[in-house]
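Residue numbers (this note's numbering): 69 to 583.
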């Protein structure tokens, strides 16, 4: 796939010039046309540049989903700065870590009161700007080079410290245009904005949509279940959804018991962030559901790197317990299945997945050692300096080139769509003064993985399990908080002193919620 390099912010500005009255943002609090989005973003960019924001400088974006998020995102890029999305509901310690590790000095928040609270919580002096249109709205869109920093996003780290993934504009543009083509996006599409603003899938929902003149449709934060979401999709004419696989699977399993047909305008469902089952695809297709594209990728590969979309005939006779394949790479993305000696494995032989091409992030912001460890030289490319990313995922390539996911080669798991290093969860629990020893494991029941922490306590400082959970919840994001804390006299060890996972007691199974 080839195109002339045009950075995403300039593409969106050009789209605003072509279709100024088309709706760019639809939210429960009102709509924004492309003209309005462009003007407010230019106004914000003026304020940010006046405060010293610019290329290679991350700007913290701390607003709720909706029009302000859209203006904040685009305004940061119009200023030439890099996006640093955060969840303001995150614990103070997490915010302090992100601010310190990113080196940010600027923030976009709704009000002066929000800015004051953020400074207090982060322990840092941050210049701030709001998304209202107060400054001149006719300023230029900053020119950025392909390698200029587009955003920094923090993911789980094996050392207990979150990893700041740095993505360049060239990778963002590749991802946006490749997916716009893969999903067939046009100006007629209304794409659901479902992901949390601090989750990189939110960029995958919005950016390709705006690059092709469509509408990003935001929903209220309190829409939780598929049953609640369906009438919203129908009433607002949503054509494309991008949902976490477990959430979509819940929808698919109820699809033949619904009191109403599927939303009429819905033409495509994209799923990802976790492995799914073929049985749910079969059930969805049998009920007349629209085509499903199962996507795979990582923050380090600028979100989606491969896709799988079966033809209806392929679903006939498929093993319902089989895991949905992760498919084939997007255009220009290189997927290598390698053994321990970095040799390509033949079809049918498992190996570790390495990704290369324009999808790759620059690395980890401010952490060159970790970058060198995970982003390695690409011996299969003829381009000087080409790199591959070690995903840590074990896969196998089928005779037709389709990749199937087999599991992780390390302690990383998926919790509610977030990649979680078990070591980071253990570090959060171990910080409690009463915890002497801890191991965290992912347990699978009721279809979705959850974390269980096994702890041995200091006899001098006893603590109840709920106290430990509350402690972790005050320091770490929700997906790192164990569902259960099980207190043991001592963690089971082998004669050699290693943890004996087979001797750990089973975590209690939660009762399923009644409908």
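Don't be surprised by glycine CBs; every beta carbon is placed ideally from N, CA and C.
With a 10 Å radius around its C-beta and 16 neighbouring C-beta atoms as the bar for buried, classify residue i as buried or exposed.
i: residue 77; result: buried
i: residue 267; result: buried
i: residue 420; result: buried
i: residue 246; result: buried
i: residue 73; result: exposed
i: residue 573; result: exposed
i: residue 348; result: buried
i: residue 571; result: exposed
i: residue 115; result: buried
i: residue 314; result: buried
i: residue 561; result: exposed
i: residue 276; result: buried
i: residue 98; result: exposed
i: residue 151; result: buried
i: residue 461; result: buried
i: residue 569; result: exposed
i: residue 184; result: exposed
Comparing C-alpha positions only, which one of the options sits nearest to residue i?
i: residue 296; options: 283, 475, 319; result: 319
i: residue 333; options: 429, 134, 442, 259; result: 259
i: residue 361; options: 280, 335, 502; result: 335
i: residue 500; options: 481, 521, 121; result: 521
i: residue 441; options: 125, 448, 475, 431; result: 431
i: residue 392; options: 109, 338, 190; result: 338
i: residue 340; options: 322, 374, 355, 358; result: 374
i: residue 204; options: 443, 109, 80; result: 109
i: residue 281; options: 194, 88, 427; result: 88
i: residue 329; options: 342, 303, 345; result: 303
i: residue 538; options: 394, 178, 220, 497; result: 497
i: residue 123; options: 256, 79, 213, 553; result: 213
i: residue 235; options: 433, 181, 165; result: 433
i: residue 155; options: 117, 270, 242; result: 270
CA-CA distance, residue i and residue j?
i: residue 215; j: residue 237; result: 6 Å
i: residue 287; j: residue 527; result: 49 Å
i: residue 495; j: residue 82; result: 47 Å
i: residue 294; j: residue 107; result: 35 Å
i: residue 163; j: residue 157; result: 9 Å
i: residue 142; j: residue 210; result: 11 Å
i: residue 103; j: residue 283; result: 13 Å
i: residue 191; j: residue 111; result: 28 Å
i: residue 272; j: residue 535; result: 38 Å
i: residue 370; j: residue 558; result: 42 Å
i: residue 582; j: residue 541; result: Residue confidence is low: residue 582 scores 33 on pLDDT, short of 50, so the model does not pin down where it sits. Its coordinate-derived value is still stated next. Rounded to the nearest angstrom, the two C-alpha atoms are 26 Å apart.
i: residue 197; j: residue 86; result: 28 Å
i: residue 146; j: residue 505; result: 49 Å
i: residue 149; j: residue 357; result: 41 Å
i: residue 352; j: residue 207; result: 48 Å
i: residue 84; j: residue 178; result: 24 Å
i: residue 121; j: residue 127; result: 7 Å
i: residue 400; j: residue 189; result: 43 Å
i: residue 138; j: residue 231; result: 25 Å
i: residue 161; j: residue 492; result: 14 Å
i: residue 100; j: residue 309; result: 20 Å
Kindly identify the DSSP beta-bridge partner or partners of residue i.
i: residue 394; result: Partner(s): none; residue 394 has no beta bridge.
i: residue 375; result: 363, 396
i: residue 187; result: None; residue 187 has no bridge partner.
i: residue 456; result: 424, 444
i: residue 196; result: 175
i: residue 556; result: 524
i: residue 222; result: 232
i: residue 313; result: DSSP output for residue 313 lists no bridge partner at all.
i: residue 76; result: Its beta-bridge partners do not exist; DSSP assigns none.
i: residue 100; result: 93
i: residue 483; result: 486
i: residue 432; result: 233
i: residue 567; result: 561
i: residue 506; result: 523
i: residue 465; result: 471
Specify, as a first and last residue, the run of the alpha helix (DSSP H) that residue i falls within.
i: residue 146; result: 135-146
i: residue 419; result: Run containing residue 419: none in the alpha helix (DSSP H); it sits in the beta strand (DSSP E), 419-424.
i: residue 303; result: 294-303
i: residue 306; result: From DSSP, residue 306 is part of no alpha helix (DSSP H); its letter is neither H nor E.
Could you give the residue range of the beta strand (DSSP E) that holds residue i?
i: residue 234; result: 231-236
i: residue 404; result: 402-406
i: residue 489; result: 486-489
i: residue 286; result: 283-286
i: residue 541; result: Run containing residue 541: none in the beta strand (DSSP E); it sits in the alpha helix (DSSP H), 533-541.
i: residue 258; result: 258-261
i: residue 126; result: 126-129
i: residue 336; result: 336-340
Is residue i near the ligand MG, with its Cβ less than 7 Å from a heavy atom?
i: residue 355; result: With respect to the ligand MG, the structure offers nothing, as it holds no ligand at all.
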